[in-house]
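Numbering follows numbering that gives the first Met the number 0, in which position 89 of the sequence shown is assigned residue number 88; successive positions increment by one, without gaps. Where is the CB? At the ideal position from N, CA and C, for every residue including glycine. These figures come from a predicted structure and were not determined experimentally. See structure below.
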Amino acid sequence: MAKYDALRDHLTARSGDTVNMTIAEVEQVVGNLPPTAWNTRAWWANDSKVQAKAWRAAGWHVDSVMLSSQRVVFARGEVGGTLAARIAAGEHTVTSRAAVQRAADDEKFCPTCYVAVPQSGICDSCAD
């Protein structure tokens with residue numbers, strides 16, 4: 000069993016449309032998390048990293064991360080995954096910086112550093 004399979008199974012078993020967890024609770028499910036999970040928003044991006052594949056395989060995505068309060072909100076449903084994967088699948092084409100900005104706005108990602116932003120709309124990583 001891969002490390003993050005336990006998180007996949009935990010989310011699969013949940014009902015409702017959102018799951019609010021502390022980072023410590025996520026760590027209780029999967030075991031020790033790397034330091035970047037505690038202090039870097041990019042670790043929680045809905046991309047092709049192994050941890051993201053786990054929550055995406057369960058049909059969830061990270062809706063917001065609040066490093067200041069050590070909380071993460073998972074939401075049911077998928078977001079598009081990596082930009083490269085969307086382009087390869089013909090689901091998304093980027094022709095301008097404005098298109099990247101719109102995609103970032105739609106997916107609640109920072110247009111500057113491409114990490115998920117909290118509901119406040121202000122990126123914790125770069126304050127953009």
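Express the C-alpha separation of residue j and residue i in angstroms, rounding to a whole number.
i	j	result
residue 15	residue 23	21 Å
residue 65	residue 11	23 Å
residue 75	residue 19	12 Å
residue 122	residue 47	21 Å
residue 17	residue 42	19 Å
residue 60	residue 67	20 Å
Just mark residue i as buried or exposed, buried being the case when its beta carbon has 16 or more other beta carbons within 10 Å.
i	result
residue 38	exposed
residue 95	Note that residue 95 scores 48 on pLDDT, short of 50, meaning its location in the model is unreliable and no value can be drawn from it.
residue 49	exposed
residue 45	buried
residue 119	exposed
Residue i by DSSP, collapsed to three states: which one?
i	result
residue 38	helix
residue 7	helix
residue 74	strand
Given residue i, which residues of its chain have a CB within under 7 Å of its CB, disregarding the five upstream and five downstream residues?
i	result
residue 29	2, 3, 5 and 6
Assuming residue i contacts residue j (C-beta within less than 8 Å), just tell me the rounded distance between them.
i	j	result
residue 172	residue 21	Since the displayed the chain opens at 0 and closes at 127, residue 172 lies outside it and no answer follows.
Just to confirm my understanding: we take residue i, look at its own chain, exclude 5 residues before and 5 after, and list those with CB closer than 6 Å. What are they?
i	result
residue 26	32
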